[in-house]
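Chains as they are written, first to last, in this note's numbering: chain A, 6 to 267; chain B, 4 to 290.
Here is the structure:
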């Protein structure tokens, strides 16, 4: 009994260490974005100067708007197309269904470096070229499998008898979908949408290969700035991004239980 | 119809719902991947107006110049090391989460561990620069505590790349191991213990074998992207951060030898697929 206690205490301590490892650099970055010295010198002196100067940086602001626009459009397209596909995969049986489901994994599993360079070659070859439209095409394709997987997981908990009952009470296919099925899978749809937003908003690799100097997204712009040299402004904008994406993730967690149904 | 009230007529009904999503995936993922294979056998891009022909030269370049093979091996080694560290760090954490913590504290800590997992990877890598550089936090903190003067300047080194990548990917390992560990019935562990097995024996004979699918899934999820990483070595590795991924990046953004880049990408894809194929029997058993 004694050793069990000691081991459990050690375990808790270990988790604390892991959390420190995971969050320490992020917290330090956030602190440094509020420090006066542009060379990250201590002692720490409070300032919001770097955040204020972000507003003067037109390039960064333009890239932020591009990122937000692309993420919102990606989310809308992915939610509509993904939910439709999930419903079809749930409702109907047909030859090749397993194959279609298996096709969802290569986009998730293949490194983005490969997908990104392949998109660059192909979009160039067919005349789409690079730029925001190409980035949007790519982001939707990257996020779509996640949405289908998440919505399908939610559909697994849906009782088909409910659709059957609605149908026998005289509802047509559209009414069944709109009044019975959709409300049930809504948490999955919302979680899938938030996933899609996060995939797009945080996407760097694929955007990097498809961006052009004028048409770029926030992560690509940040990468360019990092390679020119570190500035507290990058810390400030990075801190904002981290806070936004973590808030988004917490929101997702409210709708979708990670770690499966217990 | 009786068993599955929902599975009615089949493909013709499913097609209108499925087509938009799968056409999009085809146009933006599957066709580009095929195009990449095609281009990798060309001397030049046909759209630039220059004459082009089919060639095996891009692949010959890979095998004739030891640089590419060396870098591929360096990337595979990097992937292996990062995966190993993720197992060492992540597995015990997953165990504590699954078997020691209970109730609300478990949920909260689990969420905290996987929270960074979806936040911006680039920014998280960048945040290590603050910590690892000379005169950074690690340097300052250690010099404040230690009686003697030491210089910690890990920035732009191989360990910096490892630290950054482990930080990025360890949540995957915690997640997949947690899922399999949580599914292990506690009574199995108790049975082993009451039959006289030591903690270590239970761990070796019961817990680790049963959680193997999670370990393998986590390893695959980490190893594959790490082998293809280029942004992390660039930011944290500086001049020492030349790997297979950065060479591919160079072909597309600096040297503009796209056919060679396509060939190098395709070789990486082949290596990745072989690894996934090897891992898949274990993964299937888990599913």
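The beta carbon of each residue, even a glycine, is placed where N, CA and C say it ideally should be.
Straight-line Cα distance separating residue j from residue i
| i | j | result |
| --- | --- | --- |
| residue 231 of chain B | residue 62 of chain B | 18 Å |
| residue 36 of chain B | residue 153 of chain B | 50 Å |
| residue 266 of chain A | residue 186 of chain B | No answer about residue 266 of chain A holds up, because its pLDDT of 40 lies below 50 and its placement is not dependable. |
| residue 8 of chain A | residue 108 of chain B | 22 Å |
| residue 39 of chain A | residue 20 of chain A | 28 Å |
| residue 155 of chain A | residue 165 of chain A | 18 Å |
| residue 121 of chain A | residue 211 of chain A | 4 Å |
| residue 42 of chain A | residue 35 of chain A | 14 Å |
| residue 249 of chain B | residue 71 of chain B | 11 Å |
| residue 184 of chain B | residue 113 of chain B | 13 Å |
| residue 58 of chain B | residue 189 of chain B | 60 Å |
| residue 50 of chain A | residue 201 of chain B | 54 Å |
| residue 239 of chain A | residue 182 of chain A | 46 Å |
| residue 26 of chain B | residue 278 of chain B | 28 Å |
| residue 132 of chain A | residue 76 of chain A | 23 Å |
| residue 53 of chain A | residue 222 of chain A | 24 Å |
| residue 283 of chain B | residue 14 of chain B | 28 Å |
| residue 107 of chain A | residue 87 of chain B | 28 Å |
| residue 180 of chain A | residue 171 of chain A | 9 Å |
| residue 31 of chain B | residue 105 of chain A | 16 Å |
| residue 60 of chain B | residue 261 of chain B | 13 Å |
| residue 204 of chain A | residue 170 of chain B | 19 Å |
| residue 6 of chain B | residue 175 of chain A | Legend: pLDDT at residue 6 of chain B = 39, less than 50; position of this residue unreliable, value from coordinates given subsequently. Looking at the two C-alpha atoms, the distance is approximately 21 Å. |
| residue 99 of chain B | residue 18 of chain A | 10 Å |
| residue 265 of chain B | residue 47 of chain B | 11 Å |
Residue burial classification, residue i (beta-carbon count within 10 angstroms, cutoff 16)
| i | result |
| --- | --- |
| residue 74 of chain A | exposed |
| residue 73 of chain B | exposed |
| residue 124 of chain A | buried |
| residue 147 of chain B | exposed |
| residue 233 of chain B | buried |
| residue 235 of chain B | buried |
| residue 9 of chain B | Confidence in residue 9 of chain B is poor, its pLDDT being 45 and thus under 50, which makes the residue's placement too unreliable to answer from. |
| residue 164 of chain B | buried |
| residue 118 of chain A | buried |
| residue 71 of chain A | buried |
| residue 80 of chain B | exposed |
| residue 17 of chain B | buried |
| residue 4 of chain B | Residue confidence is low: residue 4 of chain B scores 35 on pLDDT, short of 50, so the model does not pin down where it sits. No coordinate-derived value is stated. |
| residue 243 of chain A | buried |
| residue 130 of chain A | buried |
| residue 56 of chain B | exposed |
Pair within 8 Å by beta-carbon distance, residue i and residue j
| i | j | result |
| --- | --- | --- |
| residue 75 of chain B | residue 247 of chain B | yes |
| residue 272 of chain B | residue 115 of chain A | yes |
| residue 209 of chain A | residue 225 of chain A | yes |
| residue 301 of chain B | residue 116 of chain B | Outside the displayed span of chain B (4 to 290) sits residue 301 of chain B, for which this structure offers no information. |
| residue 240 of chain B | residue 159 of chain B | yes |
| residue 231 of chain A | residue 238 of chain B | yes |
| residue 126 of chain A | residue 159 of chain A | no |
| residue 133 of chain B | residue 227 of chain A | no |
| residue 355 of chain B | residue 93 of chain B | Residue 355 of chain B cannot be examined here, being either before or after the span of chain B that is shown, 4 to 290. |
| residue 89 of chain B | residue 176 of chain B | yes |
| residue 130 of chain B | residue 30 of chain A | yes |
| residue 86 of chain A | residue 24 of chain B | yes |
| residue 56 of chain A | residue 157 of chain A | no |
| residue 59 of chain A | residue 241 of chain A | yes |
| residue 251 of chain B | residue 65 of chain B | no |
| residue 92 of chain A | residue 162 of chain A | no |
| residue 219 of chain B | residue 285 of chain B | yes |
| residue 167 of chain B | residue 128 of chain B | yes |
| residue 145 of chain A | residue 79 of chain A | yes |
| residue 161 of chain B | residue 243 of chain B | yes |
Residue i CB to nearest heavy atom of the ligand HEM below 7 Å
| i | result |
| --- | --- |
| residue 95 of chain A | In the structure shown, the ligand HEM is absent, as is every other ligand, since no ligand is present at all. |
Practice item. Indicate whether the contact test is met: 3 or more Cβ pairs, each with one atom in the segment 138-150 of chain A and one in the segment 214-230 of chain A, closer than 8 Å. Key: yes
**Study point:** Cβ contact (3+ pairs, closer than 8 Å) linking the segment 129-145 of chain B and the segment 179-199 of chain B
**Key:** no
**Study point:** Completely contained alpha helix (DSSP H) runs for the segment 45-119 of chain B, where each covers 4 or more residues
**Key:** 60-67, 69-98 and 106-117
Exercise for review: Kindly confirm or deny that the segment 186-202 of chain A and the segment 151-158 of chain A touch, where touching means at least three C-beta pairs closer than 8 Å.
Suggested key: yes
Practice item. Please go through the segment 200-281 of chain B and give each complete alpha helix (DSSP H) segment of 4 or more residues, from N-terminal end onward. Key: 202-205, 215-230 and 247-256
**Study point:** Inside the segment 101-146 of chain A only - beta strand (DSSP E) runs reaching at least 3 residues
**Key:** none
Practice item. Give, in chain order, every unbroken run of the alpha helix (DSSP H) that is at least 4 residues long and sits entirely within the segment 149-178 of chain B. Key: none
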